[in-house]
Every structure is written in structure tokens, then in C-alpha cells.
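J.: Mind having a look at this structure? Questions to follow.
Chains as they are written, first to last, in the working numbering: chain Z, 97 to 463; chain X, 27 to 384.
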């Protein structure tokens, strides 16, 4: 009996070899894919895919193919005709969307990424300004794979801010949440280099507008609690003398308060406490003096508040809610009230205030 | 069945029979059935299961150590025969479908080109080897497989940084609901506990505690997974995702390892294996008791063969889901009615005995 068991075991073990074979040299492991609207036919997508190859003289290189098709998978069929290798999606790391396409809505394109089990939910998403294909076809000096470059850049951005929607899962989570809108980082080509260029603001799955990197940084500050960050401001301790100051900070408090004075008079306050060490100050004042420190703290807080309020007004005007004020309003209300509420209209009208409180933990190791 | 089972073995066995493929879809099912914060429903459903378990325990308490088959012998053969065949068929089908469902999922996720029957053959070979040895050995291997798989639960801690209470919302059971059918669906996710009716008389001591602990382990794990899912996904996304727990596993990435769902999903096969093994074993036991003239070896062959043949028919996920749903309903019916029937028999025979004595 034992002998039979051993035989059965061996047979079963060998049978596993009958599964499909994939020889790595014959695979085109797509590591980045870009989607744009076709210029000729607005119904069509322009899909660019890039994958690493080994050239004839043994060098590690990449190949970028561009085809047009009705959908991601139909374009993939056409991609197959353009290469001698077997296309594989399993190593996909980055997906880029062009501005025009993003304005029409991303859900139809993202569908295939969540439906196809080969593609993980950790594929990074970003926007390409103005077109994704431009970014993927760009040859950067001394930089092999654009996909790897983008992957590292987006991951770095996330680790700095902790509040960007940077992969499929996070994007969809905020997309389907009725109280918050997703944001995606944007990249553009500048002087033959790839450059981070702020974030794209979405309402649902449609891109509304971009924020520049400075405003985006402010947005990150309000969006979620950042454990560690850097803040640079221009302050005027002495009148007429604008000087630069830079803090390395920790956010000790991030809280959004909601008050409803009346049913159609909602007020939200974003309370933020920041404690930071001064790492740079270009002025001549003695920052070790507690009085000057307090003055500087007040100035920075005030500036952050006014900039924050401006940014929020801008967001309210665009009717995008990347901070997630809606989540707090929703949790403040009864279910039926929330469902009956025309949220974006209410959001545009409501009063949102920023209340930041900056404190210096130290003035660094110089007076 | 000479050796008696220890309470810990029984607890683990109950957990391993209960936890099955439905877990992968469970967070979505709770959302579809109960709306916002549907994870709470697991507590309610688990309580009902506990009541059912107490009922089963009570039967054996008053039956003074008699087994289910000994009790069934009191009813006339023309009722007993169809009842036995009915039980055997339902349990055989449930065991088979659970495995087929797992295999179809495995095919969808990882092995698109591998034949379903090949995987089924592998699963049934393992089942055969286990069932052949009898319940005591199944229980012993279950304990080993339990330690093989139970650690995966702690991977849920990995999702806590992305967990947010604000996504849970303060609304309880609001929005679109499908209480009856959906609720029953959630109930079937805990199904499997009813098999204790076959071996509870054979447990050393602390019978009630053992089975309740088993169900509690399952419920806590289900509750934990669902709770984390509700704060990890937003509700509407949860409702869109066919298998949220697969996505949950997909999201785990270690510094040197990504897409660990490949590993964990395959490990999960061991739990499915025990579920199938126990259902097929139950089916075999019922037939064996009914047709004692047949050799147990042939019965086991027959059960495995029938299970294999049965697995040929459902070819697509839709069919399997539908069959599984219907048969799970029947399973729920059995879970409640069978102990009732046994209780009636016990009380009736006791009365008769008392009357005879007086």
C-alpha cells in the first residue's frame, strides 16, 4: 500500500509539469502601459506599452509599441502583431493616462485591471501631461526603463506625502466612496526629462483640473495625517524683508470638525497641529529668542491658514473634494439625510476653514 | 471508530469544516445582504448557529451516548432508507461543489489552462487517502493542517495602516438590502457544523464547549476579515469586488515578496480539502450504516467515484454558484431538522420505555 501511495504521489508531482510553460526569454513583460485618446478617431484609444528587451549585442534595453484600439484588450491583440514575443501583463507596474482621456473618465479603462486576475491591485496609476505616450516614448539619458523611473518616483511621492492615491486599489476605493474624491500624481516631459507636475483632481472618475506641486503639497497636508514632512515658507519677520524658512515637521493633530448650525448651513474646520525643527532660515534674526520664535510661528500659521482657505475655495469652486470633507459630513448626518443631500452643490456652498497651529520644536543647531 | 476525539480536536475540526471558499466573497455578501456595516451580521448569524449547536448537543445529552445511527434505527425502514439516501446525496454534493468552486477559482486566478478534472482528481486522491483512515485520523491530520493555515489570519494585521474608521460610517444596516436570501447566504458560510451530529457521541468530554468553541473560532475569523474589509474598502467598492478577500491578499507586499495571494490561496486549499473530506466522509458513513452488507471499502470507492462524476457536470462558475446555493439551503434545512427529528425519537422512545416500565 505504501508503495502505491509513493507511486501516486510521484505521478501527482510530475503531473504538475503539464501546466502551461512560460519561458522568460520569450516573454514581453509589459512594465508600463499608457492610454490616450486617439487624435484621428475620438472613439479609439491610443495604447502605448513598454517592456524590457535584451538587444542582439546583449544590452539591456526597452521597446515601446504604440497601437490604436477600441479598448485595452483589443489594443493588446494588435500589440501582439507587432512583436515576436509573448505579451504578459503580470509584471505591469505603472499605468499612465493622458489628460484628454482622463477628462472623459477612467472607469472603463481601469475595468480591465481589476477584472483580469493577472494584474495586481498594486499597479501604480499616474497622469501624463498632455499625453501618456509622450512620457513612455521619452528616452532619458542614463535611465533605462521609464517604467522603473516612474515606479520609484510615484512610490517616493507616496512615502513623502502618504496621501496620494497612487495605486489601483486606493484610486478605486476613493472613487467608490461617496464622501471623497481621488487624486492622481501627474508627470510631464520637460527638457528631455520626466518631471512631477502636481496632482490631478477628480470628480468621480473624471479629471477636472490639475493642482501645481506647491498647492498639491498643501493639499497633502490637509488630506491625511502626515507623519513626517518638510515645509518651506516665505516669511516677513521684519517689514519689507522677505526671508525663506524651512521646517522639518511632524503633524501631531489632524482633525476635521463638522458643525451644522442649520440644516443647510454646514461648517467644517480642518484643525492641524504641526511641530517642526527649523532647518533653514535666510534672515538675520536670532531664532533662539523665544519671542521671535513665537512671532515666526504665528506668521507661518497665518500664512498657511490663508493659503489653505484659498485652496479650499478653489476646490469648492471646482466641486472636487479630495480632502474627504464629505466623509465627515456623512458620518455627522443620518443616512436618509445624506442620501437626499446634493453633496457637490452643498460642498460648493458650505463654509470650510483651515486652522493650522505651527510650533517650533527647536531652532536647529545654530542661533 | 474506537478512539474517542478530544475536545480540542473537535473544535479545530468544526472550524476547518466550516471555513471554506465562501470566505473569499463574504465581505461582499454581508454588504449585499445587510448594507452598511454588514459585518455585524456575522455576530447574529453566529448566534443562530450556536443555538443550533446547543440543540444538537441536547439530543446527545438526553440520548445517553447513543449515536445518530442508533437513534435512527428506531424509525421504520421505509422512512430511514430514503432519508439516508437523501442525506448522503446532499452531503456528497455539497462536499463536491465546495471543491469544484475552489478549483474554478484557482483556475480563474492562477491556472487558466489546467483541466478542472485533473485538479479534482488530485483533490479526491487526497480525500480518499484521508477518509480511508477513518475519523480519528482525519481529526489528527486536521489539527496539523490547522496549524499550517491558521497563521494566514494574522496577515490581516498588514491592512491596518490602510484601515480607517471613517469608512465604516455610523450607519448600521442601511441602504439596499437583501435580508432573507442574502442572510441565508451568510448563514451557509458557517455551514459544516451540522456534521458534528455524526460524531458528537464519540467525544470524550466538554462536548458543548468543544463545538461552541469551534464555531466561535470561525466566527471570530470571519468577523475580523469582514470588519477589516469594511474599513479597508469603501462600501460601494466592496459591493463591486467579486472576491474582496482575494484583493485583500493581493494587496499584501513584503520587501522580497509580492502577490502572496498565490501562496495563501493555495494554502487555503487545505481547508477546502477538510471540508470536502468531512462531507464525503459523512456521506460514506450514512451509506455504510444503511447498507451494512456492503464492504466499507467499496462504499468509499463509490463515494469518491460519484463525487468525481458529479464534478464533471458543473462547467462554469454560474452553475456552481447556483447549485451550491440551492444545496447549501438544503444543508441548512438538514442542520435544523435532523436534530429535531432525533430529539423526537429520543423523547418518544424514552416515553415508551417509561410506560413499559410502569
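We put the beta carbon where it would ideally sit given N, CA and C, even for glycine.
Being a predicted model, the structure only gives us computed values, none of them experimental.
So that I know if they touch, is there some Cβ in chain X lying closer than 8 Å to that of residue 108/Z?
T.: Here the question's residue 108/Z lines up with position 12 in the first chain. Output row for residue 108/Z: interface = yes.
J.: Can you give me the start and stop residues for the beta strand (DSSP E) that residue 158/Z sits inside?
T.: As a position in the first chain, residue 158/Z is number 62, starting the count at 1. Here the beta strand (DSSP E) through residue 158/Z covers 156–165.
J.: Could you tell me whether any non-hydrogen atom of the ligand FAD is closer than 7 Å to the CB of residue 316/Z?
T.: The model depicted lacks the ligand FAD and carries no ligand whatsoever.
J.: Between residue 245/X and residue 274/X, which are expected to be in contact by the criterion C-beta below 8 Å, what is the C-beta distance as a whole number of angstroms?
T.: Numbered from 1 along the second chain, position 219 holds the residue referred to as residue 245/X. Numbered from 1 along the second chain, position 248 holds the residue referred to as residue 274/X. With a Cβ gap of about 18 Å, residue 245/X and residue 274/X do not count as contacting.
J.: I believe residue 212/X touches residue 71/X by the beta-carbon criterion, under 8 Å. Please report the beta-carbon distance rounded to the nearest angstrom.
T.: For the purposes of this step, residue 212/X is identified with residue 186 of the second chain, where counting begins at 1. For the purposes of this step, residue 71/X is identified with residue 45 of the second chain, where counting begins at 1. That belief holds up - the Cβ atoms of residue 212/X and residue 71/X are roughly 5 Å apart, short of 8 Å.
J.: Are residue 265/X and residue 58/X close, meaning C-beta to C-beta below 8 Å?
T.: Numbered from its first residue, the second chain carries residue 265/X at position 239. Numbered from its first residue, the second chain carries residue 58/X at position 32. The answer is yes: Cβ separation under 8 Å.
J.: Can you tell me where the beta strand (DSSP E) holding residue 376/Z begins and where it ends?
T.: Here residue 376/Z corresponds to residue number 280 of the first chain, with the count starting at 1. Here the beta strand (DSSP E) through residue 376/Z covers 361–377.
J.: So the candidates are 123/Z, 146/Z, 197/Z; which of them puts its Cα closest to the Cα of residue 131/Z?
T.: What you label residue 131/Z is simply residue 35 of the first chain in a count that begins at 1. Nearest option by C-alpha distance: 197/Z.
J.: Quick one: grab the DSSP three-state call for residue 283/Z.
T.: Residue 283/Z sits at position 187 when you count from the first residue of the first chain. The answer is strand: DSSP assigns residue 283/Z an E or B state.
J.: Buried or exposed for residue 227/X, going by 16 or more other Cβ atoms inside 10 Å?
T.: The sequence position of residue 227/X within the second chain is 201, counting from 1. Buried, because 16 or more other Cβ atoms sit within 10 Å of the Cβ of residue 227/X.
J.: Kindly indicate the opening and closing residues of the alpha helix (DSSP H) around residue 253/X.
T.: For the purposes of this step, residue 253/X is taken as the residue at position 227 of the second chain. Residue 253/X -> alpha helix (DSSP H) spans 233–258.
J.: Given a cut-off of 8 Å on the beta-carbon distance, is the pair residue 300/X and residue 43/X in contact?
T.: On the second chain, residue 300/X is found 274 positions in, with the first residue counted as 1. On the second chain, residue 43/X is found 17 positions in, with the first residue counted as 1. Closer than 8 Å, so yes.
J.: Look up residue 32/X in the DSSP assignment and say whether it is helix, strand or coil.
T.: Position 6 of the second chain, counted from the first residue, corresponds to residue 32/X. Residue 32/X falls in the coil class under three-state DSSP.
J.: Write down the C-beta distance between residue 220/Z and residue 189/Z rounded to the nearest angstrom, noting that I regard them as a contact closer than 8 Å.
T.: Position 124 of the first chain, counted from the start, is the residue given in the question as residue 220/Z. Position 93 of the first chain, counted from the start, is the residue given in the question as residue 189/Z. Confirmed, Cβ separation roughly 6 Å.
J.: What's the gap between the Cα of residue 135/X and the Cα of residue 147/X?
T.: Locating residue 135/X in the second chain gives position 109, counting from the first residue. Locating residue 147/X in the second chain gives position 121, counting from the first residue. Rounded to whole angstroms, residue 135/X to residue 147/X spans 19 Å at the Cα level.
J.: Which of helix, strand or coil does DSSP assign to residue 305/Z?
T.: The sequence position of residue 305/Z within the first chain is 209, counting from 1. Residue state, collapsed to three classes: strand.
J.: So, does the CB of residue 148/X fall closer than 8 Å to a CB anywhere in chain Z?
T.: Here residue 148/X refers to the residue found at position 122 when the second chain is read from its first residue. Interface residue, yes.
J.: Would you say residue 370/Z and residue 347/Z are within 8 Å of each other, going by their C-beta atoms?
T.: The residue you call residue 370/Z lines up with position 274 of the first chain. The residue you call residue 347/Z lines up with position 251 of the first chain. It is a contact, given that the beta carbons lie within the stated cut-off.
J.: Would you mind telling me which residues of chain X sit closer than 8 Å to residue 283/Z, beta carbon to beta carbon, in chain order?
T.: Position 187 of the first chain, counted from the first residue, corresponds to residue 283/Z. Simply none; closest approach about 23 Å.
J.: Spell out whether any CB of chain X is found under 8 Å from the CB atom of residue 292/Z.
T.: Numbered from its first residue, the first chain carries residue 292/Z at position 196. It does not: the Cβ of residue 292/Z has no partner Cβ on chain X nearer than 8 Å.
J.: Tell me whether the beta-carbon of residue 39/Z lies closer than 8 Å to the beta-carbon of residue 252/Z.
T.: The structure shown does not extend to residue 39/Z, since chain Z is modelled only from 97 to 463, so the question has no answer here.
J.: Just to make sure I have the definition right: I need the residues of chain X whose C-beta is within less than 7 Å of the C-beta of residue 268/Z. Which are they?
T.: Your numbering for residue 268/Z matches position 172 in the first chain. 263, listed in chain order.
J.: Leaving out five residues before and five after residue 289/Z in sequence, what residues of the same chain have Cβ atoms less than 7 Å from its Cβ?
T.: Looking up residue 289/Z in the first chain gives position 193. The answer, listed in chain order, is 236.
J.: Which chain Z residues are close to residue 196/X, counting only those with a beta carbon under 8 Å from its beta carbon?
T.: Translated into positions along the second chain, residue 196/X becomes position 170. Under the 8 Å cutoff, chain Z gives 427.
J.: Is any beta-carbon of chain X found at less than 8 Å from that of residue 272/Z?
T.: By one-based count along the first chain, residue 272/Z stands at place 176. By this cut-off, residue 272/Z is an interface position.
J.: Whole angstroms is fine: what's the gap from residue 138/Z's alpha carbon to residue 223/Z's?
T.: As a working note, residue 138/Z is residue 42 in the first chain. As a working note, residue 223/Z is residue 127 in the first chain. Straight-line Cα distance between these residues: approximately 19 Å.
J.: If you follow the beta strand (DSSP E) that residue 294/X is in, where does it begin and where does it stop?
T.: Here residue 294/X corresponds to residue number 268 of the second chain, with the count starting at 1. Per DSSP, residue 294/X belongs to no beta strand (DSSP E); it is in the alpha helix (DSSP H), 287–316.
J.: Could you tell me which of 121/Z, 125/Z, 425/Z sits nearest to residue 145/Z, measuring between CA atoms?
T.: In the first chain, counting from the first residue as 1, residue 145/Z sits at position 49. If we check each option's Cα against that of residue 145/Z, 125/Z comes out closest.
J.: Give me the residue from 124/X, 98/X, 167/X with the minimum Cα distance to residue 352/X.
T.: Position 326 of the second chain, counted from the first residue, corresponds to residue 352/X. Checking every option, the nearest Cα to that of residue 352/X belongs to 124/X.
J.: Of all the residues that make up the region 205–224 of chain Z, which are near chain X by a beta-carbon distance shorter than 7 Å?
T.: Within the region 205–224 of chain Z, the qualifying residues are 213, 216, 217, 218.
J.: Please list the terminal residues of the continuous beta strand (DSSP E) segment that includes residue 326/Z.
T.: Within the first chain, residue 326/Z is the residue found at index 230, counting from 1. Residue 326/Z -> beta strand (DSSP E) spans 325–334.
J.: Quick check: the Cα distance between residue 311/Z and residue 294/Z, rounded to an integer number of angstroms?
T.: Residue 311/Z sits at position 215 when you count from the first residue of the first chain. Residue 294/Z sits at position 198 when you count from the first residue of the first chain. Whole-angstrom Cα-Cα distance: 8 Å.
J.: How long is the line joining the alpha carbons of residue 451/X and residue 435/Z, rounded to whole angstroms?
T.: In the structure as shown, chain X starts at 27 and stops at 384, and residue 451/X therefore has no counterpart that could be examined.
J.: Could you give the C-beta distance for residue 357/X and residue 220/X, rounded to a whole number, given that I count them as a contact under 8 Å?
T.: Start at 1 with the first residue of the second chain, and residue 357/X comes out as number 331. Start at 1 with the first residue of the second chain, and residue 220/X comes out as number 194. Yes, residue 357/X and residue 220/X are in contact; Cβ-Cβ is about 7 Å, under 8 Å.
J.: Quick check: is the beta carbon of residue 285/X nearer than 8 Å to any beta carbon in chain Z?
T.: Taking the first residue of the second chain as position 1, residue 285/X is located at position 259. Judged by the 8 Å Cβ criterion, residue 285/X is in contact with chain Z.
J.: Let me check understanding here. Comparing Cα to Cα, which of 183/Z, 229/Z, 363/Z lies closest to residue 122/Z?
T.: Here residue 122/Z refers to the residue found at position 26 when the first chain is read from its first residue. Ranking the options by Cα distance to residue 122/Z, first place goes to 183/Z.
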